[in-house]
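Set out below in structure tokens:
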């Protein structure tokens, strides 16, 4: 059974940015695992904090439930690292924990955040954390008993303001057959309702762009875009 | 029958830089077509010019024969535009000729030169010529009777000093099963014997890099590397 | 009376990419002038070419009418250079013509295409043409009798697939008060109906991004984004 | 009363790099606040260390006095974080302290260091510290009682060897009306007298460049240059 | 006798940007040759055009005299191509003429303009013209009788607004021993007196930067900065 | 007696990447010092870990012996920091230790890792550690008694997959006279035998490239390539 891994800085990132990939591969029989490094409790829960008397625990609990519901809809297992946000900070033991998850899963691909983001310091940190964990999972001297992984490709999903992040689509993934699932997962995110339409429009824009880049003549309505970190290895160019 | 198109500035570029792709796809049943914009007669035939009394016609003729033999070995059809080199110069009628070839072939992919090369002004010009011809082949108002092409991907093959050209591998193509053919094609290029070993080493370096980037655990000995101009459109990420 | 100049490669570019700026400044009393270098007759009129028996003259005529209606709605004067497209080609006399228009108008700003576009060779060429004409308009030895211009800023409007063009928003222009006008101008473009929704979504995405970048707390629903070519000169930072 | 905030890695950076902006906005009624993360005691006080028997406390005390005098001349309040230099190191509590200052001030703009500097590791660190603090000041879950800030723009002032830092002017600020004040502030910096003339020349070069980029025909003799981190949001382009 | 070649788009560029290198190498026994592609008659002679009744011939003649005097002071031979400016346009026969000059001189180095310049389209064109001519001078098939050159390094001298041109100093040349000569050459340029002080300050800024980058402890007061196009080949790193 | 310093993240990096520079300068009378931050025990010792019952101490010991033998062959002194790898982590006391080594040695040059490497997080960290230590060694307030260094140039040696690291050769060093020594040092590295041929081919590729970039007509068979961090300061351009 092939697997895919998504590493999300905050509770909702995997939904907006990679929910289509999660649902699509889950539908095709992949085991999909989402690691959330934080709940986005401090920095991405404005609406919850506007409620009188809100506490950190309440906010975290609310966001956990949203993420769990969304993961269930998308067909993914969810692992919460609960490392805090704004700022996210990671220790080497967290790194080893993720490296061991990568070793256990032996994923066919890993999805993570963009390398830059002037609006968000947690996102690039999460990318580096994911990227370094993948490399440690390849090191024979890390937990010498456990088998190392080969070279799972790392795809960077779409940040909120792409051009400011110097992030560039290199792969368009057709998500038409799971679009309704992705949209339903959006609707779990009560704390960020203003993003539902934003990311619906992102999916439509990427859909038309995918259509324009496809050589097959296919029409794609909804797509997700990814940047690759490593080159692809292929047996044929077409 | 699927097709592939290679556009080479000089007679030998397609051999060093894309000979593996040509042979591999030919072997798999593709119709492979190579367009050479020039013979490399002025700028890449030093050895021939060192022969006493060498003339331009002799040099062109010798290089044509080499290119024909190499194309035959690789399994490609060869079209010579004979536009001159050092400097290569192109007119709009040449552009339309290439656009029409693209329309006729409806290629599954196009291979061309790098976008920059501080050692060679003909190479980037050939890239732009190829790139613009592909776009014109998509324009409904160009030869309105003939059907337009969709969006054939354009891959840029490896320049001689890659880092100076800001060229970056995004795709490694395993050419092990045709390496002996590519090497035999090298040996047609009597004018540039010093490059045989250079590009054999390039194939070996790219082979080890491909092995290190493959998630399948495969060992690749010889590879070619390409940079993509357009994003890929996929139905699955792995 | 202040003026603004837009230079558009094809008949419709100024509508999708800068229609809000045109309408907004027109409404505020600017004289707005749009120069179209071509009608987009060959490369951006697919729908018209699908009509049986379509001729180049018919297509040009149809696109001219669309552009005229759109310019009228937006409140701009329209100048057609009719230089052809796919490929657009410019001569020095065209350059001098545009330089003289710049001198006549003494624009407060000039709007043009992005510097790169892998999907379109006419767009970067139009940008360079505009940019060079602006510089020639500054040269005292060009038409020595006529007064030179100072340094009109050049803003590059949004290409279709921004990230592929390495184009980055540096300025968000609030176009809420003219959005309905811009949308009506879209609807003149019968040849490219599929773009109406695409560029409506662009306006909405840029609107939310503008809101997120504004320090004033303002909510912006529709915006246009621009990249600057030259630094701004200011008397205060806020 | 509008405010502006400057975050300086070492005691003198705000004088050379942003002294004009401080004086200009102070003169126009802004409350200007300068945060110095260190005194530059180890790395930017060579002249003081050449005095026999110099101690760290003496050097810090001398540099503190210089910075206080300079801030007074420029019209700014000065806050010393005293975090050490060469290397500067910051903790999350420092980050929260700066975030809270940003919340208190609600600045119309923030000025900070360049993103890169191969001659100085403290400068990019100070930029990231400033940038991340600004983002945390926006997070509703940080000190939930206190009102968040909107999106204060961040301008990066000029490093010593600009091209090596990939720093690029996007805004020229006319500082002619406060140039004499900025120059007097230079003269407080007894520890770095060789920089007085250097940064006087910087002001003159930027002045001529500002003149060449201004469309108004104004002549500017002294200017400061800044790079923007975030796009501007505007209601008109001219 | 070693030689050096400078290719200048307009009559005065070689003075401001490379006058120190010319004078220094001339003093050390190099034959220095300056090729001016134009007189800068249209675009860089504002002061001359302000004289009532100025004609193109008068302006060209005045600028020719200035350039000749400056070249004489610096110790260089001057070759005028007279190709026009704003816009500069070059034909292949001009390219071959420069290639043949390069072959005749067999220069130890070539100096040219920056690769980008948003304020000036002639400068990058001149750089490309120089760069391509150097490559053609290496081609055995160009004028087969004449011996080819090896690989003369190409250094790009300083544009007016360096950061806007993405130009970066990689080499600082100490010009202290010829600074007075360079300054005297400035003073021939009556048409651009406002640049005398500007480029004097450039020399001083580069001098201090050179001092800060030198490992020898030397103090340099005046320097010129260059960007390299090709890697250096060395026998020792220090 | 001049000195050179190399800072290597793992035990073998200095051999593959800078072994020629070490041997060449040692032969010419330089004192050459190599600092290894780790043994590469976890991440670059796959072959050793494949031996049944391998322990961390055994692996470190084996790699230490290899590095010692290689250093002896190359003619260098070896200092082991033993900071661990995959992940390498550094503390400020390590930084001060390296800064003090730099002060003691007063090196004519420092060699370090590339600034980026998507395959290895230890390499860029080692580069930054080296770079920051060099800057601290210049700070008068660090160990005020000891004399500061001037500005030793920092050269970045070749990473494994150069283009992925955005690393670009700016200097080719001819290592023909010490190639046999470098090759013998390779053969100490029993843990990474598959790299012997890879880096032999790198030397040959760089050799041919060096030949093509040399203006002297020299033929170079083996070379090493370096990127510079700081500009060079020269007294003559040729």
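Residue numbers (my numbering), protein chains in the order written: chain A, 2 to 239; chain U, 2 to 239; chain G, 2 to 239; chain D, 2 to 239; chain V, 2 to 239; chain W, 2 to 239. The beta-carbon is built from N, C-alpha and C at its ideal position, and this holds for glycine as well.
Check, Outcome
"Any chain U beta carbon closer than 8 Å to residue 216 (chain A)", "yes"
"Reference residue 128 (chain D), options D:16, D:87, D:230 and D:162, closest by Cα", "D:230"
"Nearest-angstrom beta carbon gap, residue 199 (chain W) and residue 136 (chain A) [assumed within contact, 8 Å]", "At roughly 19 Å, the Cβ-Cβ gap does not stay under 8 Å, so residue 136 (chain A) and residue 199 (chain W) are not in contact."
"Contact set between residue 69 (chain G) and chain U, taken where Cβ atoms lie within less than 9 Å", "Going along chain U, no residue has its Cβ under 9 Å from residue 69 (chain G), so there is no contact; the nearest lies around 20 Å."
"Beta carbon proximity, residue 8 (chain U) to chain V, threshold 8 Å", "no"
"Beta strand (DSSP E) segments (min. 3 residues) lying fully within the stretch 67–125 of chain G", "77–81 and 110–113"
"Same chain, Cβ closer than 8 Å to residue 132 (chain V), five either side skipped, listed in chain order", "113, 155 and 230"
"Pair within 8 Å by beta-carbon distance, residue 21 (chain U) and residue 225 (chain U)", "yes"
"Cβ neighbour criterion (16 or more within 10 Å) applied to residue 190 (chain U)", "buried"
"Residue 7 (chain U) versus residue 182 (chain G): straight-line alpha-carbon distance, rounded", "47 Å"
"Whole-angstrom distance between residue 193 (chain W) and residue 68 (chain U), CA atom to CA atom", "40 Å"
"Span separating the alpha-carbon of residue 125 (chain G) from that of residue 46 (chain A)", "42 Å"
"Candidates V:78, V:118 and V:146, of which the one nearest residue 158 (chain V) by Cα", "V:118"
"Residues of the stretch 120–147 of chain G with Cβ closer than 9 Å to any Cβ of chain V, in chain order", "129, 132, 133, 136, 137, 139, 140, 141, 142, 143 and 145"
"Residues that residue 135 (chain U) bridges to, as DSSP identifies them", "DSSP output for residue 135 (chain U) lists no bridge partner at all."
"Contact under 8 Å by Cβ, residue 78 (chain W) with residue 61 (chain W)", "no"
"Residue range of the alpha helix (DSSP H) that includes residue 23 (chain G)", "14–28"
"Contact list for residue 96 (chain U) against chain G, beta-carbon separation under 8 Å", "88"
"Inter-residue spacing [alpha-carbon to alpha-carbon] between residue 228 (chain D) and residue 171 (chain G)", "11 Å"
"Sequence-distant residues of its chain with Cβ nearer than 8 Å to residue 103 (chain A) (five each side left out)", "6, 111, 134, 135, 138, 150 and 153"
"Reference residue 185 (chain A); option with closest CA among A:175, A:58, A:201 and A:105", "A:201"
"Proximal residues of chain U, C-beta to C-beta of residue 93 (chain V) below 8 Å", "88 and 90"
"Enclosing beta strand (DSSP E) for residue 156 (chain A) [first to last residue]", "155–157"
"Rounded C-alpha distance that separates residue 210 (chain W) from residue 180 (chain V)", "37 Å"
"Beta carbon proximity, residue 160 (chain A) to chain U, threshold 8 Å", "no"
"Inter-residue Cα distance where the pair is residue 208 (chain V) and residue 120 (chain A)", "39 Å"
"Where residue 167 (chain V) falls: helix, strand or coil (DSSP)", "coil"
"Any C-beta of chain V under 8 Å from that of residue 24 (chain W)", "no"
"N- and C-terminal bounds of the beta strand (DSSP E) containing residue 33 (chain W)", "32–37"
"Closest by C-alpha distance to residue 11 (chain A), when choosing among A:146, A:223 and A:37", "A:37"
"Short CB-CB distance (under 8 Å) between residue 53 (chain G) and chain D", "no"
"Segment contact flag, the stretch 91–99 of chain A with the stretch 47–66 of chain A, C-beta cutoff 8 Å, min 3 pairs", "no"
"Burial state of residue 24 (chain U), where buried means 16 or more other Cβ atoms lie within 10 Å", "buried"
"N- and C-terminal bounds of the alpha helix (DSSP H) containing residue 202 (chain U)", "195–214"
"Nearest-angstrom beta carbon gap, residue 115 (chain D) and residue 84 (chain D) [assumed within contact, 8 Å]", "Going by Cβ atoms, the distance from residue 84 (chain D) to residue 115 (chain D) rounds to 19 Å, so no, they are not a contact pair."
"Partner residues on chain A for residue 231 (chain D), Cβ-Cβ distance less than 9 Å", "119, 120 and 165"
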